Amino acid sequence: MTRVATPGPCAGEWLRRAARALRHAGLALALALSAALPAFADDAVVVSQASVQVRRASDPGTFVEAQFDFQLPGPLRDALEHGIALYFAVDVEILRARWYWFDQRVVGESLVARLSYSPLTRQYRLARGGLAQPFDTLELALATLRRVRGWRVAEADALDGGKLRGRIRLHLDTSMLPRPFQFSALTDRDWAIGSDWVTIALPTEAPN
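This note's numbering numbers the first residue of the sequence shown as -12 and each following residue consecutively.
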C-alpha cells in the first residue's frame, strides 16, 4: 500500500507563514503601485471654467457653475458598452482662513453622476442630482456630464465674512466600480481619469 505523505506540524506552520507572507507582499505591491502612479492621468480632465454665484432675492443660495473638458479613454468606453456603469464626482470646497487654527471649511459638497448604457435600447443614460436623461449618443451624454449649471451648494449667507478660497475638481469615482475594475484603476492610467484641485472664482462682494 502506498502512503501519501502529509505535512507535519512544522511543515504546516511553514505553509501558513508562507501564505501570510504572500498576502502581505500582494498588499505591499498594490500600495506601491498606488503610490507610484499619479492620482489622475496627466491633463485627463481640464477645468475650463468655474465660478460661484450668490443669490439673495429669488431662489436664494450659493450656486456653482463649471465647465470641464475631457474625453473618455477607450477602456472606459468598452466597459461602459459592456454594462459597467461609470460614476463621476464633482467636488467643491470653500474654506475660510483662520489665523488661530486650521482653515474652516464652510462648503464641502459632491455632485455624483452615473453614466450607463443599455444594449436593449441602445441609449446612454446620465443620472445626476435626482434627474435622469437618456441620450442617443455617448458624445451627447458627455457634453451634459462636462457641464454643471445652477448647482446649489450652500445658503446665501455661507460666504459672509472672512477671507475665503475655493477649489473644485472632477474625477471618476473608482470606489463605485466592480472589484476587478478597482484593481485596474490602480495599474492603468486610463482608469485614473480626473483633474487636480483647481482654484474656483468666488464673488468679490455678495449681491444684496
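Just so you know, even glycine gets a beta-carbon here, dropped at the ideal spot from N, CA and C.
None of these values were measured; they are calculated from a predicted model.
With a cutoff of 9 Å on beta-carbon distance, A31 and A53 are scored as not near each other. A Cβ-Cβ contact shorter than 9 Å links L157 with V34. Selection V93, L132, L98, R85 evaluated against Y111 yields L132 as nearest (Cα-Cα). Out of D56, P47, L98, L67, the CA that lies nearest to the CA of W178 is found in L67. When the five nearest sequence neighbours on each side are left out, the beta carbons in the same chain lying within less than 6 Å of the beta carbon of G149 are those of R83, in order along the chain.
Under the three-pair Cβ rule at 8 Å, the stretch 116 to 134 does not count as touching the stretch 79 to 93. Approximately 6 Å separates the beta-carbon atoms of F75 and L159; this is inside 8 Å, confirming the contact. In this structure, DSSP gives W138 an extended state, which the three-state scheme calls strand. The beta carbon of P121 lies closer than 6 Å to those of Q110, R112 in the same chain, with the five residues before and after it left out.
C-alpha of L98 to C-alpha of S162: approximately 15 Å in a straight line. Secondary structure of S97 (DSSP, three-state): strand. Measuring C-alpha to C-alpha distances from R139 to each of L59, F57, V77 identifies V77 as the nearest.
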